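In the working numbering, the protein residues as written are 108 to 435. Have a look at the structure below before the remarks.
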Ligand code: NCD
């Protein structure tokens, strides 16, 4: 297959932090091609026939694991799923031993979800397979940010210049971090909003040269005022441990930081409303909002498969973008 000259330079996808805007756009464009495939009666192309993808999911997941599995299968790769509770990690095997043993079976790509920040990079340094980070602790979740960017670009035409509010448990959110990198690099202004107990100090600096595109807000009203996109985050209780509570009650949280018919009115009338899932209905999002006409929550999930196909495609074919999937 001939390459178009647009190439994905990295061997792995460990995070958005290491990617430039051109690599993000390349994956978004490829995702659009694969989205069309998902609408056909026969949703399969032979591109990765004979390749093996291992989905090593050592932390809970419904959407992301299924999405990677479907993506691999639509590319005709053999997909194998390993989950935490049924694997030897529950017998005390270390992550590195598990990964080395799986890689001894010669997969081409390992997709890893793990509760420790840095787990994907650590595995990538020690094994000979392409590694995709499907969420590592509170660090990054690059394919989520790509599918979010894909959804936003589809609805708004372009990401540059948009006002995008990301609201909720910023402290524990790898989704917020990956989106902060992706959306600022693509030219958006990002407003981060959380109770002060869930807002990491100095988080703007993650955006590096783009930090002036980032603002922090302690009040939902100011974050949503004139926003084009509202992205709600789940309260991640599983990452809070036994430490002090971050807010008094769900009711109190929802009144000040939840998206409801009352609070959504602060955003632009045509703002799209997003959530990576799983939603705590009635806490981050009122059910009438989650199921309402401006919610794009399920479209995010549909685009997730297409984006993961794009990622597996470029990594599984060694980074070249074959001409039939060239520039969109
Ligand atoms: C997110 C995750 O796991 O980080 N979910 C997902 O992948 N769709 C967000 C979350 O769990 O709240």
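Beta carbons: idealized from backbone N, C-alpha and C, even for Gly. What you are looking at is a predicted structure, and each value in this text was computed from that prediction instead of being measured.
- Message: For a quick check, are the C-beta atoms of residue 132 and residue 162 less than 9 Å apart?
- Response: no
- Item | Beta-carbon spacing of residue 138, residue 254 below 9 Å | yes
- Among residues of its own chain, excluding the 5 on either side of residue 365, which ones have a beta-carbon nearer than 7 Å to its beta-carbon? 390, 391, 392, 393
- Counting by C-beta, which residues lie closer than 6 Å to a heavy atom of ligand 1, in chain order? 170, 171, 242, 248, 251, 281, 282, 341, 343, 383, 384
- Message: Would residue 243 and residue 227 qualify as a contact pair, given that the criterion is a beta-carbon distance under 9 Å?
- Response: yes
- Message: If we require 3 or more residues per run, which beta strand (DSSP E) segments fall completely within the region 189-226?
- Response: 216-221
- Under 9 Å between the Cβ atoms of residue 291 and residue 327? no
- What distance in whole Å lies between the Cβ atoms of residue 321 and residue 269, which are believed to be in contact at a cut-off of 8 Å? Going by Cβ atoms, the distance from residue 269 to residue 321 rounds to 13 Å, so no, they are not a contact pair.
- Message: Quick check: what's the CA-CA separation for residue 434 versus residue 134?
- Response: Unreliable placement is indicated for residue 434, whose pLDDT of 38 sits below 50; the coordinate value is still reported in the next sentence. Each residue's Cα considered, the two are about 10 Å apart.
- Who pairs with residue 336 in a beta bridge, going by DSSP? 271, 379
- Query: When DSSP labels each residue in this structure, what does residue 321 get in the three-state scheme?
  - Reply: strand
- Message: For residue 124, which residues in the same chain have their Cβ closer than 6 Å to its Cβ, ignoring the five residues on either side in sequence?
- Response: 288
- Message: residue 304 and residue 345 - do their beta-carbons sit closer together than 9 Å?
- Response: no
- Message: One question on the structure: do residue 155 and residue 411 come within less than 9 Å of each other, judged by their Cβ atoms?
- Response: no
- Message: Spatial neighbours of residue 276 within its chain, please: C-beta separation below 6 Å, excluding the five flanking residues on both sides.
- Response: 305, 340, 342, 343
- For residue 303, the three-state DSSP class (helix, strand or coil): helix
- Query: Buried or exposed: where does residue 400 fall if 16 or more other Cβ atoms within 10 Å of its Cβ makes it buried?
  - Reply: exposed
- Which same chain residues, not among the five before or five after residue 144, have their C-beta less than 7 Å away from its C-beta? 150, 152, 181
- Three-state secondary structure assigned by DSSP to residue 458: What the structure shows of the chain is the stretch from 108 to 435, and residue 458 is not part of that stretch, so it cannot be assessed.
- Item | Assigned exposure category for residue 166 - 16 Cβ within 10 Å defines buried | buried
- Task: Identify, in the order they occur along the chain, each residue of the same chain with its Cβ nearer than 8 Å to the Cβ of residue 359, setting aside the five sequence neighbours on each side.
- Result: none
- Hey, would you say residue 122 sits closer than 9 Å to residue 285, going by beta carbons? yes
- Just checking my contact of residue 403 with residue 381 at CB under 8 Å: how many whole Å lie between their CB atoms? 6 Å
- Using three-state DSSP, classify residue 402 as helix, strand or coil. strand
- Do residue 210 and residue 235 have their CB atoms nearer than 9 Å? yes
- Item | Residue(s) in a DSSP beta bridge with residue 159 | 185
- Residues bridged to residue 392 [DSSP beta-bridge criterion]: 366, 388
- Roughly how many angstroms lie between the CA atoms of residue 419 and residue 179, to the nearest whole one? 7 Å
- Task: Can you give me the Cβ contacts of residue 324 inside the same chain, cut-off strictly under 6 Å, excluding the 5 residues immediately before and after it?
- Result: 298, 300, 330
- Task: Would you identify the three-state DSSP class for residue 298, choosing helix, strand or coil?
- Result: strand
- Contact check, residue 302 vs residue 353, beta carbons under 9 Å: yes
- Could you tell me the distance, in whole angstroms, from the CA atom of residue 241 to the CA atom of residue 201? 19 Å
- Task: Per DSSP, which residues does residue 247 bridge with? Please list them.
- Result: 243
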